[in-house]
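Asker: Numbering (my numbering), first residue to last: 180 to 501.
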Ligand SMILES: [Zn+2]
Ligand SMILES: [Zn+2]
């Protein structure tokens, strides 16, 4: 009997591995130029790390994690996203050192595992290139990470990429917005999809990025978060946009970019490639100013990006074919 690979994963054969090596080398070189240092964390972590970071009512924690019990009875989970393990390692190894003001800039190239319905551009193991800048609240760092990503796409000719930009606020302004959103949507609650009816109570921001057409139509009338930001978040968002303008990085403001994870604050962004169909997002990220604290560290603002290498290579193929 011949064995086959498990559903949703791929072999990378010798005749295609060169493209992967080239993409990885390009990413490494860009990270070197931007002064990011490599970090390699384990393939699995304590399950609770992802649950705490990502949030209970997210698709990742609810239905996509590869969780198993080891022989010692511990609950472990294969790397379900890139940021939580890096922050865990940053704190555990005191990478900030004595200097609380130090900006720690890290990158990784690592597989991420999600039990997702496999389709073109969506696999149960994908290779993620990511960077995390830990220790600065400055919008300039958000812009740097976006620019690094754009350079990566350009150097691989994985173009055209559009940048969708949003701010999801902070604990000072997001709750007010959520209140406004919920009272606006309440009369139509029954018409929302099953998931959204649940999210309405558990994770209302996620109503904004539902792919269901009825939900999207209802969300057209939703209040816009970036109009309700507190002065601090509004100032940060304005500075980010000004910096991107100076760097000549085009972007589109998009209130539906809330990302699927609970830990984002302020900046949230996504890179999309028109023509890739349903899986047109090739990467994204944002600011997560509360995560280090949530993991037991001192208040430490941070921002990062994660890029799916499989989708970048698909975008590259599409661009080269035209
Ligand atoms: Zn705010
Ligand atoms: Zn929905």
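In this text, a Cβ means the ideal position worked out from N, Cα and C, and glycines have one as well.
1. Within 10 Å of its beta-carbon, does residue 464 have 16 or more other beta-carbons around it, so buried, or fewer, so exposed?
2. Mind pulling the alpha helix (DSSP H) runs of 4 or more residues that sit fully within the stretch 268 to 340?
3. Have a look at 376, 326 and 444 and flag the residue whose alpha-carbon is nearest the alpha-carbon of residue 430.
4. Judging by CA-CA distance, which residue of 334, 392 and 293 is the nearest neighbour of residue 186?
5. Whose CB is closer than 6 Å to a heavy atom of ligand 2? List the residues in chain order.
6. For the structure I just gave you, are there three or more beta carbon pairs, one from the stretch 403 to 422 and one from the stretch 431 to 444, closer than 8 Å?
7. Would DSSP call residue 507 helix, strand or coil?
8. Collect the residues with a C-beta less than 5 Å away from any heavy atom of ligand 1 and give them in sequence order along the chain.
9. Only counting the same chain, and skipping five residues up and downstream in sequence, which positions put a Cβ closer than 6 Å to that of residue 449?
10. As a quick exercise: from 491, 458, 357 and 481, pick the residue whose alpha carbon is nearest that of residue 468.
11. Could you give the DSSP three-state label for residue 361: helix, strand or coil?
12. Thinking C-beta only, is residue 237 closer than 9 Å to residue 483?
13. Round the Cβ separation of residue 291 and residue 260 to the nearest angstrom and send it over; I've been treating them as touching at under 8 Å.
14. Would you report the Cα separation of residue 377 and residue 439, rounded to the nearest angstrom?
15. Mind checking who residue 431 pairs with in its DSSP beta bridge?
16. Within 10 Å of its beta-carbon, does residue 278 have 16 or more other beta-carbons around it, so buried, or fewer, so exposed?
17. Are the stretch 298 to 316 and the stretch 399 to 408 in contact at 8 Å, needing three or more beta carbon pairs?
18. Rank 360, 223 and 425 by C-alpha distance to the C-alpha of residue 399 and give the top, closest one.
19. Let me know the secondary structure DSSP gives residue 253 once reduced to three states.
Answerer: Considering the structure as presented:
1. buried
2. 318 to 334
3. 326
4. 293
5. 371, 372, 374, 375, 389, 391 and 394
6. yes
7. With the chain represented from 180 up to 501, any question about residue 507 goes unanswered, as that position is not in the structure.
8. 348, 349, 351, 352, 409 and 412
9. 343, 436, 460 and 463
10. 481
11. helix
12. no
13. 6 Å
14. 15 Å
15. 343
16. exposed
17. no
18. 360
19. coil
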